[in-house]
Amino acid sequence: MAEPGRPGQSPFRSGAFRFALAFAGVFAVAAFLILGMVRHQVGRYAHEAMRGTLQTETPTDPERPERMVTLGTRLADGSLLVVATDGYDVDKLGGHMIRFTILWAIAITLIALIGGWMAGRVFLTRLAAANLAIERIMAGRTEQRLPMIGLAPEFDDLSRNLNRMLDRIDGLMEGLRQVSTDVAHDLRTPLTRLRQMLEAAREATTREDADAGIDVALAQADQLLGTFRAILRLAQIEGGGRRAPFGPVDLGGLLATLIETYEPVAADAGHGLTAHLESGAIVNGDAELLAQLFANLIENAILHTPAGTRVAIGVERSPGHIAVIVTDNGPGVPTSERDRITRRFYQVDSSRSRGSSGLGLSIASAIVTLHGAKLTIGDAAPGLQIRVSFEEREGHA
Amino acid sequence: MKLLLLEDDEATRAQAVRQLTAAGHVVEGCATGSDALYMASQGDYGVLILDRMVPGLDGLSVLKALRAAGIRTPALLLTAMDGIDDRVEGLEAGADDYLVKPFAAAELIARVNALSRRPPMSDTAVTATVGDLTIDRVKRTVTRSGQRIELQAQEFKLLDYLIQHSGEVVTRTMLLENVWSFHFDPQTNVIESHMSRLRAKVDRGFGKELIQTVRGAGYRIDG
Chain A
1 MAEPGRPGQS
11 PFRSGAFRFA
21 LAFAGVFAVA
31 AFLILGMVRH
41 QVGRYAHEAM
51 RGTLQTETPT
61 DPERPERMVT
71 LGTRLADGSL
81 LVVATDGYDV
91 DKLGGHMIRF
101 TILWAIAITL
111 IALIGGWMAG
121 RVFLTRLAAA
131 NLAIERIMAG
141 RTEQRLPMIG
151 LAPEFDDLSR
161 NLNRMLDRID
171 GLMEGLRQVS
181 TDVAHDLRTP
191 LTRLRQMLEA
201 AREATTREDA
211 DAGIDVALAQ
221 ADQLLGTFRA
231 ILRLAQIEGG
241 GRRAPFGPVD
251 LGGLLATLIE
261 TYEPVAADAG
271 HGLTAHLESG
281 AIVNGDAELL
291 AQLFANLIEN
301 AILHTPAGTR
311 VAIGVERSPG
321 HIAVIVTDNG
331 PGVPTSERDR
341 ITRRFYQVDS
351 SRSRGSSGLG
361 LSIASAIVTL
371 HGAKLTIGDA
381 APGLQIRVSF
391 EEREGHA
Chain B
398 MKLLLLEDDE
408 ATRAQAVRQL
418 TAAGHVVEGC
428 ATGSDALYMA
438 SQGDYGVLIL
448 DRMVPGLDGL
458 SVLKALRAAG
468 IRTPALLLTA
478 MDGIDDRVEG
488 LEAGADDYLV
498 KPFAAAELIA
508 RVNALSRRPP
518 MSDTAVTATV
528 GDLTIDRVKR
538 TVTRSGQRIE
548 LQAQEFKLLD
558 YLIQHSGEVV
568 TRTMLLENVW
578 SFHFDPQTNV
588 IESHMSRLRA
598 KVDRGFGKEL
608 IQTVRGAGYR
618 IDG
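If you read the sequences in order, they're chains A and B. According to my numbering, the stretch in the first sequence is residues 1 to 397, in order. According to my numbering, the stretch in the second sequence is residues 398 to 620, in order.
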């Protein structure tokens with residue numbers, strides 16, 4: 001366990017000592033306040049006691065002159081009446097109480113000093129452990145987490161929140177690493193092909209061969225640019241800094257247009273595309289982005305399933321919620337892979353021959369997040385079911 | 398046609414000037430926004446091509462200033478940014494079209510051509526004819542050689558857009574943006590699928606094919 005405070009420091013400058021001083025200081029002040037109160041109150045208590053059965057003692061030591069409190073008045077017949085009393089018992093009681101209070105004040109202050117020092121030491125030792133963990137994290141051991149500080153639930157909450165923050169940062173860093181690796185990996189293949197095609201075009205003997213090579217090279221360049229555009233678009237949607245405010249979007253109408261757009265595409269790919277739509281399904285959103293979201297989901301279903309697969313789009317309404325469900329009866333995605341399919345460049349089948357950028361579902365997922373909706377990937381048994389549930393726009397219930 | 402090109406990168410400007418000149422245009426290039434503003438307000442240009450991001454006075458500000466001064470020359474905004482907001486901002490500033498860099502030469506030429514004849518009367522006319530094909534935009538009917546052709550809504554829109562630009566190349570991106578309002582790249586053959594259906598209905602069995610594929614560029618309808 002690490003020593004609280006910094007190495008080479010005088011113990012009187014340590015955090016624990018400061019804690020102890022603060023504790024003791026508070027107790028000392030409190031003790032002196034009590035002392036003052038006692039002094040003030042003791043006379044009254046003594047008087048009250050004397051009115052009762054308290055016995056009076058009068059010392060008759062000639063060596064020690066007594067101080068008497070006297071009160072005199074002249075009576076009607078001219079004689080003088082003097083009443084005198086000594087303060088002996090009152091003084092004695094007061095003296096006792098003051099000595100008693102001072103003693104206890106000192107004792108309490110001492111106990112507070114020790115207690116404060118111990119409490120401070122315990123607390124600072126735990127803080128030091130947390131600090132040590134932070135230093136290790138900063139030194140590069142990013143898997144390290146803070147220990148619980150203890151002593152109070154609030155301190156543990158602090159540790160937990162800091163740990164959650166570290167988890168989040170770790171996740172982001174991991175994502176960044178993943179993206180850099182994926183981008184590099186994903187662009188290498190088309191770049192290699194581009195280079196090969198250009199080389200082939202230069203070595204071509206006929207004009208036709210050269211042109212053919214250049215055409216393929218241009219197509220590869222376009223594919224690369226398309227991937228870059230998709231990456232930029234994804235970053236932009238994930239960044240969320242949009243100027244245009246959301247407005248009401250009729251999902252039924254939007255989906256009907258998309259079905260009309262993709263029906264011939266699906267037919268050409270040997271797929272069936274059907275829809276069960278409802279009118280009046282209004283959500284709050286950006287029509288252009290929502291169109292891209294569902295276009296991506298439909299394209300995903302067409303691109304990643306074999307010919308003969310049926311793709312169905314449905315709208316499901318429950319009070320306050322609208323869900324759009326894209327289902328196919330293709331081979332589906334294994335449960336273990338489902339969390340990963342919205343990741344950038346992720347492909348269930350590693351062959352990339354179908355020209356998809358591998359970013360469609362990532363972009364879809366980012367658009368869903370931007371709209372505060374929820375994307376769930378499920379099993380259509382057989383096939384894949386992607387469900388996007390929105391909150392219904394208020395005032396259109 | 399005389400074109401003004403604002404582009405600060407010299408290599409890009411020279412390349413674009415060469416391509417547009419080869420397409421039969423006269424191009425005057427400039428590198429700064431203030432030059433563009435001066436030239437556009439003095440000269441008689443068919444289309445302004447403005448790079449959005451140039452040092453100093455940028456393309457967007459030039460366009461705003463020109464529009465504020467009442468100069469309504471069609472403008473094509475070039476940009477390296479492909480944000481939805483960027484596009485909306487550009488169109489709000491008075492741009493007639495918006496092209497994201499990098500682009501193919503064919504794309505730039507097709508868009509300049511499309512802009513240079515805007516707004517042609519045929520766009521708003523009720524009927525338009527290409528060869529023996531006639532469309533009625535109000536009744537939404539298509540006839541060829543007197544024979545009625547049934548088209549679906551998107552096929553009609555596609556044919557209408559081609560006819561609005563008859564004799565000119567329209568690119569895939571132009572079709573995606575103007576017929577489908579797609580401002581992203583679809584991963585599937587959306588255009589090819591619709592185009593083959595449209596051709597099957599419009600061109601099959603009529604002898605002459607009106608819709609042509611222009612290799613490496615797009616499509617063109619010709620009478």
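A virtual CB, placed ideally from N, CA and C, is assigned to each residue, including glycine.
Nearest in C-alpha terms to residue 251 of chain A, of all of A/273, A/281 and A/230, is A/281.
According to DSSP, residue pairing for residue 390 of chain A in a beta bridge involves A/322.
A straight-line Cα-Cα distance of about 14 Å links residue 475 of chain B and residue 428 of chain B. Per DSSP, the beta-bridge partners of residue 616 of chain B are B/567 and B/610. In terms of Cα proximity to residue 464 of chain B, the closest of B/453, B/493 and B/482 is B/493.
At a cut-off of 8 Å, the C-beta of residue 585 of chain B has a neighbouring C-beta in chain A. Here the alpha carbons of residue 339 of chain A and residue 523 of chain B stand approximately 53 Å from one another. Taking all protein chains in view, the Cβ of residue 580 of chain B is crowded by 16 or more other Cβ atoms within 10 Å, so the residue is classified as buried.
With 16 or more other CB atoms across the displayed protein chains lying within 10 angstroms of its CB, residue 504 of chain B is buried.
For residue 179 of chain A, same chain residues with a beta-carbon under 7 Å away, outside a window of 5 residues either side, are 344 in chain order. Taking a contact as a CB-CB distance under 8 Å, the pair residue 470 of chain B and residue 433 of chain B does not count as one, their CB atoms being some 11 Å apart. When 7 Å is used as the limit between beta carbons, residue 499 of chain B is near these residues of chain A: 225, in chain order. Checking the DSSP bridge columns, you'll see residue 444 of chain B partnered with B/400. 8 Å or more divides the Cβ of residue 507 of chain B from the Cβ of residue 430 of chain B. A direct Cα-Cα distance of roughly 51 Å separates residue 139 of chain A from residue 459 of chain B.
Look at residue 590 of chain B: its C-beta is under 8 Å from a C-beta on chain A.
If you keep only unbroken beta strand (DSSP E) runs of at least 3 residues inside the stretch 494-559 of chain B, you get 494-497, 524-527, 530-533, 538-541 and 544-546. For residue 71 of chain A, the number of other beta carbons within 10 angstroms of its own is below 16, and it is reported as exposed. The beta carbons of residue 402 of chain B and residue 446 of chain B sit closer together than 8 Å. In the structure shown, residue 74 of chain A falls within a strand segment according to DSSP collapsed to helix, strand and coil. Under DSSP, residue 316 of chain A takes part in a beta bridge, and its partners are A/323. Taking 8 Å as the threshold, the shortest C-beta distance from residue 553 of chain B to chain A does not fall below it.
Per DSSP, the unbroken alpha helix (DSSP H) holding residue 264 of chain A starts and ends at 251-268.
Between residue 233 of chain A and residue 313 of chain A, the beta carbon gap of about 23 Å keeps them out of contact (Cβ cut-off 8 Å).
Among the bridge pairs identified by DSSP, residue 374 of chain A is matched with A/389. Contacts with chain A at 8 Å (Cβ-Cβ) include residue 582 of chain B.
Taking all protein chains shown into account, residue 484 of chain B has 16 or more neighbouring C-beta atoms within 10 Å of its C-beta and is therefore buried. Contact between residue 410 of chain B and residue 421 of chain B fails: their C-beta atoms lie close to 19 Å from each other, not under 8 Å.
In the displayed model, residue 205 of chain A falls within coil according to three-state DSSP, outside both helix and strand. By alpha-carbon distance to residue 164 of chain A, the top candidate from A/143, A/184 and A/151 is A/143.
Within a 10 Å sphere around the beta-carbon of residue 264 of chain A sit 16 or more other beta-carbons, which makes this residue buried. Per DSSP, residue 454 of chain B is not a residue of any beta strand (DSSP E), being assigned neither H nor E. Residue environment analysis places residue 571 of chain B among the buried positions, since at least 16 neighbouring C-beta atoms fall within 10 angstroms of its C-beta. The DSSP-derived three-state label of residue 192 of chain A is helix. When the beta-carbon positions are compared, residue 201 of chain A and residue 217 of chain A come within less than 8 Å of each other. Counting the other Cβ atoms within 10 Å of the Cβ of residue 63 of chain A gives fewer than 16, which makes it exposed.
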